[in-house]
Each structure stands twice: as structure tokens, then as C-alpha cells.
Amino acid sequence: MIYCIYKSFQIASAERVVRSMRSSCFYYDISGEEAEKVLLKYGVKGDFLARPSESQPTNYTLSINRGGTITHVKVQRKEDDTLDLLGGENFTSLSDLIQHYIDNPELLKERNGDTIYMIRPVVLPPEEVKKRRVKAAERWFHTGVNGAEAAQLLAKEKQWSFLVRESQRSPGQMAISVKVGDDTYKHIMLEKNALTGKVHVGGGDEFNTINDLLAHYRKNPLVEEVTQNVVRLTNMLPSTSVPVEAFNERMAVLSRKDESIGGLDGFSHEFTRLNEMDDSMYSRRDGKLPNNVDKNRYKNIVPYDHTRVKLKDTPSKSDYINANYIQMVTKKRDGLKSFDRRYISTQGCLSNTVGDFWRMVFQQEVVVIVMTTKECERGRVKCERYWPEKGKMMSADGGEYCIKNMDEKSYHEGEEYSFIRRTLILKRKDGEGRSVTQFQFLGWPDHGCPESAEAVLSLLKMADDEAVKHPEAPVVVHCSAGIGRTGTFIVLDLILHEIMLNDGDCDIDVARTLMEIREQRQGMVQTEPQYKFIYKALAHYINTSILNGDQSINSSFLAGHQLPTETSL
Numbered sequence: 003m004i005y006c007i008y009k010s011f012q013i014a015s016a017e018r019v020v021r022s023m024r025s026s027c028f029y030y031d032i033s034g035e036e037a038e039k040v041l042l043k044y045g046v047k048g049d050f051l052a053r054p055s056e057s058q059p060t061n062y063t064l065s066i067n068r069g070g071t072i073t074h075v076k077v078q079r080k081e082d083d084t085l086d087l088l089g090g091e092n093f094t095s096l097s098d099l100i101q102h103y104i105d106n107p108e109l110l111k112e113r114n115g116d117t118i119y120m121i122r123p124v125v126l127p128p129e130e131v132k133k134r135r136v137k138a139a140e141r142w143f144h145t146g147v148n149g150a151e152a153a154q155l156l157a158k159e160k161q162w163s164f165l166v167r168e169s170q171r172s173p174g175q176m177a178i179s180v181k182v183g184d185d186t187y188k189h190i191m192l193e194k195n196a197l198t199g200k201v202h203v204g205g206g207d208e209f210n211t212i213n214d215l216l217a218h219y220r221k222n223p224l225v226e227e228v229t230q231n232v233v234r235l236t237n238m239l240p241s242t243s244v245p246v247e248a249f250n251e252r253m254a255v256l257s258r259k260d261e262s263i264g265g266l267d268g269f270s271h272e273f274t275r276l277n278e279m280d281d282s283m284y285s286r287r288d289g290k291l292p293n294n295v296d297k298n299r300y301k302n303i304v305p306y307d308h309t310r311v312k313l314k315d316t317p318s319k320s321d322y323i324n325a326n327y328i329q330m331v332t333k334k335r336d337g338l339k340s341f342d343r344r345y346i347s348t349q350g351c352l353s354n355t356v357g358d359f360w361r362m363v364f365q366q367e368v369v370v371i372v373m374t375t376k377e378c379e380r381g382r383v384k385c386e387r388y389w390p391e392k393g394k395m396m397s398a399d400g401g402e403y404c405i406k407n408m409d410e411k412s413y414h415e416g417e418e419y420s421f422i423r424r425t426l427i428l429k430r431k432d433g434e435g436r437s438v439t440q441f442q443f444l445g446w447p448d449h450g451c452p453e454s455a456e457a458v459l460s461l462l463k464m465a466d467d468e469a470v471k472h473p474e475a476p477v478v479v480h481c482s483a484g485i486g487r488t489g490t491f492i493v494l495d496l497i498l499h500e501i502m503l504n505d506g507d508c509d510i511d512v513a514r515t516l517m518e519i520r521e522q523r524q525g526m527v528q529t530e531p532q533y534k535f536i537y538k539a540l541a542h543y544i545n546t547s548i549l550n551g552d553q554s555i556n557s558s559f560l561a562g563h564q565l566p567t568e569t570s571l
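Numbers in my numbering are just positions in the sequence shown, counted from 1, shifted up by 2.
Now the structure itself:
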């Protein structure tokens, strides 16, 4: 059972391995026989893994591929709790020991003097990783976190908040990190009875699972044996990150109601915690100025000043439009690829802002617009029509811009989740025309979510195919207010893009992604059903495009989907 998912990547040198390596990269809770099978099937000369010793469960064994044969080297735990290999130097952690022998390959030798080379951890394919994963889907488990990082995560939480992590010092062992006071934390090791397989804390009551142990100690305090100090496990700090291949299990966990959090399920708990975060630190002064108020569709939804789009050279001398830049930039880390996605999140046009909208589209060199609302819903105008009928033209902004509708195509026509693709030509007065593609999704109810995740994925794919031709141009996304359906679309698109870019070998964090875009526009993803829909759509994509064995996800978001039906209007 692997305790943390190892992200496979091309390894250029031993140094590169070491600098990014934690125990999650190399430790497997498997037998010597299983280790040999894994290393011979998937490894090459110099590949290795660490595992528990079969003769002494508190010790470790390194299993190393020697080029067709496997050598097992015991790691001894000494009385002072340090580790050594073949009587060499002492190390406080298995990671440090392994790093030392990769950096100094000539030091690890057999008795006959032959060198045993450890070059890199063996890389397993996703299906093998899945077989050996620990309960990475459990909300209490935080992947790849050490003691100091656990303290940082708990710093802003209440007293007696806790999380569970793998011990970086002793791979294979779990630890509970607890905030016991201001800037004071305790790290409590969980131990396993080698005979019964049950878990316990310091020789106390034994439990079949960590879930059972946590349930017990959330009701009954822990008492330290020596000091008799009481430690309580009151507030679980949930992890919102989960490996792609564990996503189905996380969905099942989130669907469960939990009495310890007021009977909420995990989706509700995540969304509630997000809504408790304060967004009042960001100024929205400009959108509330008297000369800008009539440009807001809803008086309480105005853009943050620090990310708002500013118009240039307007006849009115006003640079205001109710729109924010949304940008997600990730640096290359832990073998994951970097990416840069840009959007403009805006409200549905008012009759007096159509010209401003097209000025923004022109100035930002936008080539894709995604509209997730109908013009009217439930008898209310949600967005002023800002495009002409097929084959016709219209002017905007006092004749400064001309828009021609060249073509329209309907997809899934007659079904609730249909959408339209429009090819528009945007031309500035006395200038050249520019092609802009608009996608209008017709089956997304206000404050709700579509019945079909597949149709949304189809639209995402088509929009992405157009946007990728102009990677520097932001994609304009709007609904009516520019936060609910718009936020849902952007979060989903961001996460799907990261999955695609990394061939499904990455972690998903819906809550963190939403938190980051909420720092750029207020109130993104308005309702809990919208939040759940993001998970639903991700699950549909993962199950049809990754877990069914179809790994060609770079070519299409539609892998495994029925292609949409197309009809010219």
C-alpha cells in the first residue's frame, strides 16, 4: 500500500530526484516478494523502493534493481531512534539516509566490494499505484505534509484542530498533528500492532481502522502517559486535495453525512468553509461610484478594484466595466507542468453597456466568448442581446464597432442542454475585421446546474479548441451576474486543463481553485449545487477519459463521450 501518490516524471539526474523526493516517492507497504515483482516488471537498473522489514516491523528494507536481480538491504533502527545502513552513518529519517546514498553512490557496497547503485525510486503506472494507495481519499488525510507544514496549516484554526499525515521521518507510520494552544502543536504517532494489524496510540485501545480510532478520540480525550496532559481532537481540518486516481473514492467520502460537522455532508462542509472566508479586504470602490452605478446589473455585485478590466479611449472618458481579469498561473513543481490560463469574468450586458462590452472584447483581443445564460429566464432579462441575427450586422459604441453574424450552429438541438456556436466578425470603424466565436449554453438554469455534465464538457472542448489558437488572449465568460455559472465554468475549465496537461497524474483541489479565483472576483460559484456540479463533471470526465483506460486525453476532452449533434440554424 503506497502512502502517497508518486507523480511520475522524466528524471534527468539523481540530484533532481533527491531535491524533490519525500517518502511518498519511494516507500511501499509491501512484502519482499511483491517488491521483487514490482522492480523487475517496472524498474530498470538502479531503481529502488523502501518497504517495512518482514523480520523486524519497526525497521526498513531497501529493495534495489541490480539489472535483472534484486538486492535487499536492511536499514537498522538504533536505540537512539536513528537509522543506519550496513553500519554506516546515522540518520534521523529514511529520506535523509536515501538521499545520502544517492548523492554518494560509491559508499553502498556489498561485502565483496561490489557497489550497489541506487539511482531513482521505481516509477509505477497509475493502475499499480491505485492498488497500493492508502486512504488518500479520506478527508482527514493530508498528502505529503511534514510536521512544520502541518503546523502552518493549523495555525489559523481553533484550538484542538487536527489533521492526519504520514510521518516523513518514519514512512509507513501515520501521525496526528494537533493545535493545543497558540503557536503550540503536538504530533502524535499512530502505531500498528504487528500481530493484529490494529492501530493504537502509545499502547492504548486498539482499533480496526484509523477512522475508528479518530471517532473514539473525538469523543474521549487523549491523556499523555508521562505528563498526564489532555489532548482533544475536536475540529478536523479537512484536506481538499485528492489524486485524480482517488477521485471516485473522495466523491463517496464527501457524499457521507458526518455528525461531527453538524450532520453536513463533505460537499456542504467544504462550501460552507469557503463562504466563511472574508472577502471584505478587497476594495470595490470604483464600481460604487455614482457615475458607474447604472453600469452594474446588480448593485451588490461589483468588481474588485485590483483586478477590474479598464477600458481605454472611451468617448465618456470612463474606464469602467463590470468585469474582472481571472488568471491562474502555476509554476512547475514536483514534476507537474506549469500553465497559464486567462479569463475575463463579466456580467450579462445591459442596454447601456453593449458598446463597452465590444470595446473590451476588441481591446483585449478576445477570440472566444462563453455565455452561460439565456437572454431571458423566468420572465426576467438576464442579458441584453449584444450580437445580430445570422447574416445581419449591428453597430455598437456609437458606430465605433461593427459586428456581423456570419454563422450559427446548434448542438444537441431540442434537448435541455443544447448550446449554440456563433461565428462573429468584429470590426472597428475603418479597420480590419477580427473573428470572434461565441458559445451560448442554453441549458444552465440560474443558481442551478445542468442535468448533463457531458454537454458542458463538449462545450468546454470546443471553446478550448478555439482559445488554444490564441493562448495570450483571455476567454470572456459571462452569465447574468458574472459570478455563479461563470465561476463554475472557469473552475471546471481550470482543473480539466491541469488534468489534461499532466496526463491525469496530478492532484485535484476544487476548493483551493475556487478560493484563488474568488480573490479575483467576488462570489464566484454562488450555490452549493453549482459547487457539487464541478465535482460531478470532473468525475464524469475522469471516469470516461482516464479510468476506463483511454489515456489519449491530450487530444480531446471528448474522449469516451458521444459527439454532439450539429445543426445549422
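From the three backbone atoms N, C-alpha and C, an ideal C-beta is built for every residue, glycine too.
- Spanning the alpha carbons of glycine 506 and asparagine 407 requires a straight line of approximately 38 Å.
- In this structure, proline 476 lies near tyrosine 327, with their beta-carbon atoms less than 8 Å apart.
- Per the C-alpha coordinates, the member of Asn213, Ala469, Arg141, Tyr30 positioned closest to proline 123 is Tyr30.
- Secondary structure of cysteine 404 (DSSP, three-state): strand.
- In this structure, leucine 313 lies away from arginine 344, with their beta-carbon atoms at least 8 Å apart.
- Taking 8 Å as the upper bound for CB-CB distance, proline 173 and leucine 96 are in contact here, some 5 Å apart.
- Taking a C-beta distance under 8 Å as the contact criterion, arginine 424 and glutamate 410 qualify as a contact pair.
- Distances from the CA of glycine 401 to each of Glu36, Leu109, Lys111, Arg430 were compared; the closest alpha carbon is that of Arg430.
- Excluding residues up to 5 positions away in sequence, Lys259 lie with their Cβ nearer than 6 Å to the Cβ of glycine 265 in the same chain.
- Counting only runs of at least 3 residues, the region 61-85 fully encloses the following beta strand (DSSP E) elements, listed from N- to C-terminal order: 62-67, 72-79.
- Pairing glycine 357 with alanine 398 gives a Cβ-Cβ distance under 8 Å.
- Within the same chain, and ignoring the five residues on either side of valine 311 in sequence, the residues whose Cβ sits closer than 8 Å to its Cβ are Pro305, Ile323, Ala325, Asn326, Tyr327, Ile346, Thr348, Met362, Gln366.
- Minimum Cα-Cα distance from leucine 239 among the listed residues Ile263, Lys384, Gln230 corresponds to Ile263.
- Between valine 233 and proline 223 the beta-carbon gap is near 6 Å, inside 8 Å, which marks them as a contact.
- In this structure serine 241 is in contact with histidine 144, their Cβ atoms being roughly 5 Å apart against a cut-off of 8 Å.
- Per DSSP, reduced to three states, the secondary structure at isoleucine 104 is helical.
- About 33 Å separates the beta carbon of tyrosine 537 from that of methionine 191, a gap too long to meet the 8 Å contact definition.
- Ranked by how close their Cα comes to the Cα of glycine 393, the residues Asn293, Leu426, Thr229 have Leu426 in first place.
- Residue state for cysteine 27 is assigned as helix, using DSSP reduced to three classes.
- Residue environment for lysine 319: exposed (fewer than 16 other C-beta atoms within 10 angstroms of its C-beta).
- Glutamine 329 sits in a strand when the DSSP states are folded into three classes.
- Scanning the region 391-473 for uninterrupted beta strand (DSSP E) segments of 3 residues or longer gives 395-398, 403-413, 421-430, 435-443, listed from N- to C-terminal end.
- Comparing C-alpha distances from alanine 455 to each of Gly34, Gly489, His542 shows the shortest one belongs to His542.
- Note on geometry: alpha-carbon atoms of threonine 236 and leucine 459 lie some 40 Å from one another.
- Only residues of its own chain outside the window of five on either side were considered, and among them Thr60, Asn61, Leu85 have a CB closer than 7 Å to the CB of arginine 79, listed in chain order.
- Secondary structure of proline 245 (DSSP, three-state): strand.
- For threonine 186, the enclosing beta strand (DSSP E) starts and ends at 186-191.
- In the DSSP assignment, alanine 52 falls within the unbroken beta strand (DSSP E) covering 49-54.
- Distance from lysine 43 to asparagine 67 at the Cβ level is roughly 10 Å; contact not present, criterion being Cβ atoms closer than 8 Å.
- Under the DSSP assignment, lysine 39 falls in the alpha helix (DSSP H) whose first and last residues are 34-44.
- For the set Ala248, Val40, Lys297, Gln524, the Cα lying nearest the Cα of asparagine 545 is the one of Ala248.
- Under the Cβ criterion (8 Å, minimum of three pairs), the region 434-450 counts as touching the region 368-376.
- Remark: C-beta atoms of leucine 549 and isoleucine 510 do not approach each other more closely than 8 Å.
- Where histidine 308 is concerned, there is no enclosing beta strand (DSSP E), because DSSP gives it neither an H nor an E.
- Within 10 angstroms of the beta-carbon of leucine 498 lie 16 or more other beta-carbons, which makes it buried.
- Per DSSP, the beta-bridge partners of lysine 111 are Thr117.
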